[in-house]
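Heads up: the protein sequence lines correspond to chains U and F, in order.
To convert a position in the first sequence, counted from 1, into my numbering, add 16.
To convert a position in the second sequence, counted from 1, into my numbering, add 16.
Note that the Cβ used here is the ideal one computed from N, Cα and C, for glycine as well.
Note that the structure is predicted; figures quoted are calculated from it, not measured.
These notes are about the structure you will find just below.
Protein chains: 2
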Amino acid sequence: MQRTDFSRMACSIARTLDVIGEPWSPLVLRDVWVGLTRFEQLQADLGISRKVLTERLNHLVDQGVLERRPYDRRPRYEYVLTEKGAELVDLLMVMAGWGDKWLAGEAGPPVLYRHHACGEISGVDLRCTRCGEPMHANDVDPLPGPGATV
Amino acid sequence: MQRTDFSRMACSIARTLDVIGEPWSPLVLRDVWVGLTRFEQLQADLGISRKVLTERLNHLVDQGVLERRPYDRRPRYEYVLTEKGAELVDLLMVMAGWGDKWLAGEAGPPVLYRHHACGEISGVDLRCTRCGEPMHANDVDPLPGPGATV
DNA sequence: CAACGTCAGTTCCCTGAGGGAACCCCAATC
DNA sequence: GATTGGGGTTCCCTCAGGGAACTGACGTTG
Numbered sequence: 017m018q019r020t021d022f023s024r025m026a027c028s029i030a031r032t033l034d035v036i037g038e039p040w041s042p043l044v045l046r047d048v049w050v051g052l053t054r055f056e057q058l059q060a061d062l063g064i065s066r067k068v069l070t071e072r073l074n075h076l077v078d079q080g081v082l083e084r085r086p087y088d089r090r091p092r093y094e095y096v097l098t099e100k101g102a103e104l105v106d107l108l109m110v111m112a113g114w115g116d117k118w119l120a121g122e123a124g125p126p127v128l129y130r131h132h133a134c135g136e137i138s139g140v141d142l143r144c145t146r147c148g149e150p151m152h153a154n155d156v157d158p159l160p161g162p163g164a165t166v
Numbered sequence: 017m018q019r020t021d022f023s024r025m026a027c028s029i030a031r032t033l034d035v036i037g038e039p040w041s042p043l044v045l046r047d048v049w050v051g052l053t054r055f056e057q058l059q060a061d062l063g064i065s066r067k068v069l070t071e072r073l074n075h076l077v078d079q080g081v082l083e084r085r086p087y088d089r090r091p092r093y094e095y096v097l098t099e100k101g102a103e104l105v106d107l108l109m110v111m112a113g114w115g116d117k118w119l120a121g122e123a124g125p126p127v128l129y130r131h132h133a134c135g136e137i138s139g140v141d142l143r144c145t146r147c148g149e150p151m152h153a154n155d156v157d158p159l160p161g162p163g164a165t166v
């Protein structure tokens with residue numbers, strides 16, 4: 017157990033990191049989201065080692081985040097987002113929003129998002145599921161929940 | 017751990033990963049958020065190697081996410097979130113929300129969040145900054161932005 | 001004032017994960 | 001039958017993470 021195992025911690029952040037916390041995994045998801053769904057495409061776009069790409073794809077499939085499916089009679093496969101995976105992409109959008117705000121600098125954001133519902137270039141906003149008001153780290157108290165066994 | 021440097025990619029996700037993508041970094045931020053702000057506390061709570069904890073804290077301070085400040089006349093320091101860091105915690109809340117939904121299982125979420133504004137136990141919801149409607153990965157088209165030089 | 005304790009790191013060695021390049025397998029096409 | 005091209009495996013090498021011991025600054029206690 018050299019590399020510490022996050023999956024057994026009583027923390028949803030740690031558990032989520034166990035799914036996409038390894039290096040490259042979020043970028044693999046991003047690429048799949050924007051339509052780079054094949055091994056060679058991913059490898060070329062990311063410059064990732066083929067060995068590691070294989071490992072990451074297998075792990076993401078095992079976790080139910082991606083689905084591996086054939087697209088030819090030849091042994092050719094593409095990776096597509098499951099529902100579980102698509103909701104992880106929501107997380108990536110929030111991540112991109114933070115990067116746009118704090119890291120983009122003069123040049124401005126590298127990618128813009130057009131919202132289908134209103135057609136506008138926009139970003140995400142975090143709001144309370146209950147009351148609809150803004151909900152940020154400082155607007156919240158963390159309390160132990162039912163799964164908080166240690 | 018990242019042999020490859022993500023910070024120069026024209027992608028806000030990759031750049032954000034360069035700040036908190038290393039193993040342990042998100043958990044360090046989580047701990048600081050909930051009040052574990054000192055070296056010994058973090059080390060004990062996470063079980064992280066002291067060497068790596070030092071590296072992560074330095075990196076997070078360099079990135080302007082944490083601030084290192086003395087709390088005694090002795091050489092004692094605590095780490096506190098900057099505004100930049102607090103907004104990263106927003107990201108962690110979204111991450112926790114995903115983990116709660118997809119990984120918590122029978123036991124239920126290990127942590128609950130009480131929203132100050134309404135007093136309810138709640139979660140975050142992603143909405144469009146412009147129109148206020150729900151905004152998820154599938155509700156959006158990514159377009160090249162001003163900083164999209166490759 | 002010497003001994004002790006505490007916090008906040010450093011230093012050391014050892015293992016294992018990532019990088020990189022070469023190699024392999026399969027099915028279709030030339 | 002040889003070639004091509006996608007989708008991986010296998011190999012070696014280096015460097016990052018784990019773990020534990022060590023250090024140094026500064027109070028407190030006897």
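If you count every other CB in all the chains shown that lies within 10 Å of the CB of residue i, and 16 or more means buried, which is it?
i, result
"U:V166", "Annotation note: pLDDT 49 at U:V166 (below 50); position unreliable, no value reported."
"U:G101", "buried"
"F:R46", "buried"
"F:A30", "buried"
"F:A120", "buried"
"U:E99", "exposed"
"F:D34", "buried"
"U:A153", "buried"
With DSSP run on the structure shown, which of helix, strand or coil describes residue i?
i, result
"F:Q18", "With a pLDDT of only 48 at F:Q18, under 50, the local geometry of the prediction cannot be trusted, and the value read off the model is given with reservation. It is coil, neither helix nor strand."
"U:V166", "Because U:V166 sits at a pLDDT of 49, beneath the cut-off of 50, its placement in the model cannot be relied upon, and the following sentence gives the value as read from the coordinates. In this structure, U:V166 counts as coil in the three-state DSSP scheme."
"U:L119", "coil"
"U:A26", "coil"
"U:V96", "strand"
"F:R89", "coil"
"U:H75", "helix"
"U:I36", "helix"
Just the C-alpha distance for residue i and residue j, rounded to the nearest angstrom, thanks.
i, j, result
"U:L82", "U:L69", "13 Å"
"U:A112", "F:P150", "17 Å"
"U:L73", "F:D106", "27 Å"
"U:V44", "U:L58", "7 Å"
"U:R24", "U:A164", "12 Å"
"U:Q18", "U:S41", "Residue confidence is low: U:Q18 scores 45 on pLDDT, short of 50, so the model does not pin down where it sits. No coordinate-derived value is stated."
"F:D157", "U:R130", "5 Å"
"U:E56", "F:V50", "43 Å"
"F:L128", "U:V48", "32 Å"
Thinking residue i and residue j are a contact (beta carbons under 8 Å), I'd like their distance in whole angstroms, please.
i, j, result
"F:H132", "U:D155", "5 Å"
"F:P126", "U:S28", "6 Å"
Using beta-carbon positions only, say whether residue i and residue j come within less than 9 Å of one another.
i, j, result
"F:L159", "U:I137", "yes"
"U:R143", "F:C134", "no"
"U:G139", "U:D116", "yes"
"U:T53", "U:V96", "yes"
"U:G124", "F:G161", "yes"
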